[in-house]
Amino acid sequence: MRRTAEEAAQTRQSILDGALKVFSQKGYHAATLANVAEAAQVTRGAIYHYFDNKAKLYEALLKEASTIGSDTVQQAIKEGNSFVEICTLILERSLAVLESNVQMKRIMALSLFKTGFDPELVELDEARQQEAVTTVEAIAQLMQAGIANGDLRANLDPHDVARAFIAYQNGLIKLWLTNQQAFSIGDRAPQFAKIFLNGIVA
């Protein structure tokens with residue numbers, strides 16, 4: 351019997367969920383597709399139907415997190431009116447979604463703490479490095495617009511502000527994931543955003 355598109359999508363998601371569970375427990379390098387198949391309650395053949403190899407499966411998980419993050423940023427841009435409000439919402443929402451979205455949190459923790467170097471991921475790492483460059487450029491353009499309209503201090507370099515913005519956000523994320531009981535990153539996100547914005551507004 352031919353499977354429906356909905357059933358196929360459910361199977362694919364079950365595989366991703368199983369992979370996230372196994373990768374998180376064993377670490378990427380030690381995990382096997384047999385482990386993933388067992389966790390997802392599918393055959394290894396079913397995994398290969400959707401993903402070429404373990405690296406592609408891991409890449410799909412990162413794309414899930416990236417999509418959640420991108421959607422969060424786009425929604426913040428739509429809701430914000432002024433430049434400062436948009437930047438504030440981007441930082442607030444990007445931090446808060448980590449606590450409210452369990453899938454996002456688990457993928458970020460996997461990426462930061464349970465992956466490490468693996469030859470299988472070299473190509474993916476190179477792509478992520480290029481993506482990081484693109485992200486800096488996109489944020490730098492936003493910061494340049496803020497400088498041009500007088501919202502940010504004129505003596506700032508937009509690329510420096512963009513890198514500081516990313517580093518500040520990533521640092522808070524890593525700090526919270528290391529000890530989630532220490533504070534609520536969602537509750538404190540508005541204060542964190544205010545601290546950063548106070549350092550760059552005109």
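Residue numbers for the sequence shown follow the numbering used here, so the first one is 351 and each next one is one higher.
Cβ atoms here follow ideal geometry from the backbone N, Cα and C, with glycine treated the same way.
Per DSSP, cross-strand counterpart(s) of residue i
{"i": "VAL551", "result": "LEU502"}
Within 8 Å, strictly: CB atoms of residue i and residue j
{"i": "ARG461", "j": "LEU412", "result": "Per the sequence presented here, residue 461 reads as Ser, with Arg not at that position. Yes."}
{"i": "ASP367", "j": "ALA384", "result": "no"}
{"i": "MET458", "j": "LEU527", "result": "yes"}
{"i": "ARG456", "j": "SER534", "result": "no"}
{"i": "SER444", "j": "THR422", "result": "yes"}
{"i": "PHE433", "j": "ALA488", "result": "no"}
{"i": "GLN360", "j": "GLU414", "result": "no"}
{"i": "LEU506", "j": "ILE550", "result": "yes"}
{"i": "GLY466", "j": "HIS379", "result": "yes"}
Three-state secondary structure assigned by DSSP to residue i
{"i": "ASP475", "result": "helix"}
{"i": "ASN385", "result": "helix"}
{"i": "THR528", "result": "helix"}
{"i": "GLN391", "result": "coil"}
{"i": "SER432", "result": "coil"}
{"i": "SER416", "result": "helix"}
{"i": "TYR378", "result": "coil"}
{"i": "PHE373", "result": "helix"}
{"i": "GLY536", "result": "helix"}
{"i": "ASN520", "result": "helix"}
{"i": "LYS406", "result": "helix"}
{"i": "GLY466", "result": "coil"}
{"i": "PHE546", "result": "helix"}
{"i": "ASP507", "result": "coil"}
{"i": "LEU484", "result": "Checking the displayed sequence, the identity of residue 484 turns out to be Thr instead of Leu. Helix."}
{"i": "PHE401", "result": "coil"}
Close Cβ partners of residue i (< 6 Å) along its chain, the five nearest in sequence each way excluded
{"i": "ARG362", "result": "TYR400"}
{"i": "GLU481", "result": "none"}
Other residues of its chain near residue i: CB distance less than 7 Å, five sequence neighbours each side excluded
{"i": "TYR518", "result": "PHE546"}
{"i": "ALA490", "result": "PRO508, HIS509 and ALA512"}
{"i": "GLU429", "result": "LEU439"}
Cβ-based neighbour list, residue i, same chain, cut-off 8 Å, excluding 5 preceding and 5 following
{"i": "VAL486", "result": "HIS509, ALA512, ARG513 and ILE516"}
{"i": "LYS371", "result": "ALA389"}
Expected contact under 8 Å - CB spacing of residue i and residue j to nearest Å
{"i": "PHE397", "j": "ALA405", "result": "Per the sequence presented here, residue 397 reads as Ile, with Phe not at that position. Their Cβ separation, rounded to whole angstroms, is 12 Å, which puts ILE397 and ALA405 out of contact at 8 Å."}
{"i": "GLU442", "j": "ALA539", "result": "4 Å"}
{"i": "GLY536", "j": "ALA446", "result": "4 Å"}
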